[in-house]
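A.B. asks: With UniProt numbering as the guide, the letters of the sequence shown map in order to residues 1 to 444. Each residue gets a CB set at the ideal place from its N, CA and C atoms; glycine is no exception. All of these numbers come straight from a predicted model, not from anything done at the bench.
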Amino acid sequence: MSILPQLAFVLILGAAGLILRKRILFLKRNILLGKDETRNDQPNERWKTMFLVAFGQQKMFKRIIPAFLHFLIYVGFLVINLEVLEFVLDGILGTHRLFAPLLGGAYTVAINIFEFLAVAVLVSCVAFLIRRNVMQVERFTKPEMKGWPAMDANLILVIEIILMFAILTMNATDQILASRGDEHYLALGPLFFSRILQPIFMGLSDGALVFIERFAWWFHIIGILAFAVYVTYSKHLHIFLAFPNTWYSNLKAKGEIQNMPEVTQEVNMMLGIPVENPSAPPAEIGRFGAKDVNDLSWINILNAYSCTECGRCTSECPANLTGKKLSPRKIMMDVRDRAEEVGKSIDAGGPGLEDGKSLLGDYISKEEINACTTCNACVEACPVNIDPLSIILQLRRYVAMEESGTPAQWNAMFQNMETSFSPWKFSPSDRFNWSEKVKEEEMK
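#1: Take the Cβ of Asn30 as the centre, count every other Cβ of all protein chains shown within 10 Å, and call the residue buried at 16 or more, exposed below.
#2: Which residues in the same chain as Lys425 place their Cβ atom closer than 6 angstroms to its Cβ, once the five residues preceding and following it in sequence are excluded?
#3: Are there 16 or more other CB atoms within 10 angstroms of the CB of Asp334, so buried, or fewer, so exposed?
#4: Counting Cβ pairs, one atom from each stretch, are 3 or more of them under 8 angstroms apart for the segment 112 to 119 and the segment 301 to 308?
#5: Where Ile212 and His220 are concerned, what is the direct C-alpha to C-alpha distance, given to the nearest angstrom?
#6: Please report the residue range of the alpha helix (DSSP H) in which His220 lies.
#7: The alpha helix (DSSP H) that contains Thr38, what's its start and end?
#8: Compare the Cα-Cα distances from Thr173 to each of Tyr185, Arg396, Glu160 and report the closest residue.
#9: Contact between the segment 127 to 145 and the segment 327 to 341 is defined here as three or more beta-carbon pairs at a separation below 8 angstroms; is this criterion met?
#10: For the alpha helix (DSSP H) that Lys437 lies in, which residues bound it at each end?
#11: Would you kindly report the start and end of the unbroken alpha helix (DSSP H) that includes Gly289?
#12: In the DSSP output, which residue or residues are listed as bridge partners for Ile239?
#13: Output the boundary residues of the alpha helix (DSSP H) element that contains Ile99.
#14: Name the two residues that bound the continuous alpha helix (DSSP H) containing Asp347.
#15: Give me whichever residues DSSP pairs with Leu360 in a beta bridge.
#16: With DSSP as the reference, identify every bridge partner of Ser2, one or two as the case may be.
#17: Helix, strand or coil for Ser429? Go by DSSP, reduced to three states.
#18: Can you give the Cα-Cα distance for Pro274 and Arg39, rounded to whole angstroms?
#19: Going along the chain, which residues of its own chain have a beta-carbon closer than 6 angstroms to the beta-carbon of Ala166, five neighbours each way excluded?
#20: Between Glu37, Trp47, Gly91, which has its C-alpha nearest Ile3's C-alpha?
#21: From this set, Pro351, Ala8, Glu403, which residue's C-alpha is nearest Leu360's C-alpha?
#22: Could you check whether Glu37 and Ser297 sit closer than 7 angstroms to each other, using their CB atoms as the reference points?
#23: Using 10 angstroms around the beta-carbon of Pro407, count the other beta-carbons present and answer buried if the total reaches 16, otherwise exposed.
#24: Leaving out five residues before and five after Glu354 in sequence, what residues of the same chain have Cβ atoms less than 6 angstroms from its Cβ?
#25: Buried or exposed, going by whether 16 or more other CB atoms sit within 10 Å of the CB of Ser315?
#26: Specify the secondary structure class of Ser420 as computed by DSSP and reduced to three states.
#27: Between Ala187 and the rest of its own chain, which residues show a CB-CB distance below 8 angstroms, the 5 nearest in sequence each way excluded?
#28: Rounded to a whole number of angstroms, what is the C-alpha to C-alpha distance between Val438 and Asp430?
#29: From Ile19 to Met269, what distance separates their C-alpha atoms?
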């Protein structure tokens with residue numbers, strides 16, 4: 001037997017590995033453009049969150065129909081890819097169905113399970129294509145979903161459908177050849193789903209069947225390798241990043257807004273409140289809030305790369321629902337796009353962050369961030385615990401503290417809070433005057 005197929009497979013596998021490694025290092029560097037942040041507290045709670053939210057798809061099931069379809073694709077991805085191990089070993093060793101003699105009857109059961117999941121994935125992908133392109137679910141038709149984002153979503157669904165057909169075609173032709181006594185192919189017993197396709201190929205010669213079976217095998221494994229590379233350029237990167245992203249979730253109480261540590265220390269010292277190591281020189285503050293991606297934390301950028309673009313955040317956002325320009329999904333997409341732009345510039349020997357652009361202004365407008373009500377609905381809705389609110393707040397802090405560019409009404413409120421300790425302009429001593437008026441009314 002010629003070793004050329006094995007050599008070709010090893011070369012393809014190696015090339016895919018090198019491309020994937022280069023892309024992973026690129027993504028890692030982009031994520032680390034952000035400031036350092038440590039979130040290693042409560043490890044047990046973090047493992048629990050990752051298991052329930054990322055592995056268990058807990059938050060997906062707030063919407064049952066898409067959750068069920070997504071769950072079928074998710075389980076299919078996890079289980080069917082176990083067969084990829086056999087594909088890889090067969091490709092390297094020049095064998096065919098390496099595990100079949102080792103597992104015996106259990107192998108037939110496993111292949112039937114794989115085929116069932118392949119059909120489930122196929123049906124789910126068709127359903128998602130219908131939801132996006134025929135039913136046109138509103139959250140998939142927002143302005144930020146035009147062009148590449150829409151094409152990316154459709155492309156990946158079509159690729160998955162073709163890959164599932166490749167598995168079924170390979171198994172159907174494989175078993176026809178086995179039934180004709182070809183010693184290279186093993187009879188596995190009844191394969192329920194691929195058997196339905198066998199009549200299509202029954203009239204073909206052995207040579208034609210071998211060609212189709214081999215073509216389907218090569219198409220599937222090369223498709224899987226290409227998919228692994230493509231995912232790193234796609235919103236489907238969440239398949240892998242959902243796990244670290246949920247592990248690094250914000251575990252503080254919902255609605256708790258993180259203060260700026262430098263400002264908190266200065267205020268405490270002014271008020272005579274004890275602070276840690278007050279004699280230590282204050283850390284240099286490069287910038288209050290965030291203007292560009294390097295002002296955000298690396299966890300914020302990880303959030304952006306983990307975004308599934310599902311739009312649940314935007315569909316729950318009260319600002320967006322009332323016609324405001326803000327879309328939490330767009331915020332995350334913009335952070336990712338800016339990190340990609342900076343990363344590519346650095347790799348090309350360009351100016352990187354010094355290209356005259358910034359996240360605020362060139363990607364995200366003040367109108368968008370000012371529309372946010374800080375209600376936390378976007379964070380609660382996200383199926384992988386992404387936190388758009390943290391980014392919005394940091395951008396607003398920059399506008400307020402560095403540019404003094406907040407709306408006039410806000411400045412009046414800030415001044416009232418500074419002088420009167422409330423948003424309204426009256427003395428703190430008069431705060432409970434309303435109760436006296438209530439008493440007077442009751443006594444009448």
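C.D. replies: If we stick to the structure as given:
#1: buried
#2: Setting aside the 5 residues that flank it on each side, Lys425 is surrounded in the same chain by Asn416, each with a C-beta closer than 6 angstroms to its C-beta; the list follows chain order.
#3: buried
#4: Counting Cβ pairs under 8 angstroms, fewer than three are found: no touch.
#5: Computed Cα separation, rounded: 12 angstroms.
#6: Annotation for His220: the continuous alpha helix (DSSP H) segment containing it runs 206 to 231.
#7: No alpha helix (DSSP H) holds Thr38; DSSP gives it neither H nor E.
#8: Tyr185
#9: Pairwise C-beta distances place the segment 127 to 145 in contact with the segment 327 to 341, as three or more of them are shorter than 8 angstroms.
#10: 433 to 443
#11: From DSSP, Gly289 is part of no alpha helix (DSSP H); its letter is neither H nor E.
#12: In DSSP, Ile239 forms no bridge with anything.
#13: For the record, residue 99 in the displayed sequence is Phe; it is not Ile. Segment: none, Phe99 is in no alpha helix (DSSP H) and carries neither H nor E.
#14: 328 to 347
#15: Ile364
#16: Note: Ser2 sits in no beta bridge, so no partner.
#17: Assigned with DSSP and collapsed to three states, Ser429 falls in helix.
#18: 25 angstroms
#19: In its chain, beyond the 5 residues on either side, Ala216, Phe219, His220 have a beta carbon closer than 6 angstroms to the beta carbon of Ala166.
#20: Gly91
#21: Glu403
#22: yes
#23: exposed
#24: none
#25: buried
#26: helix
#27: Gln175, Ala178, Ser179.
#28: 14 angstroms
#29: A direct Cα-to-Cα measurement between Ile19 and Met269 gives close to 53 angstroms.
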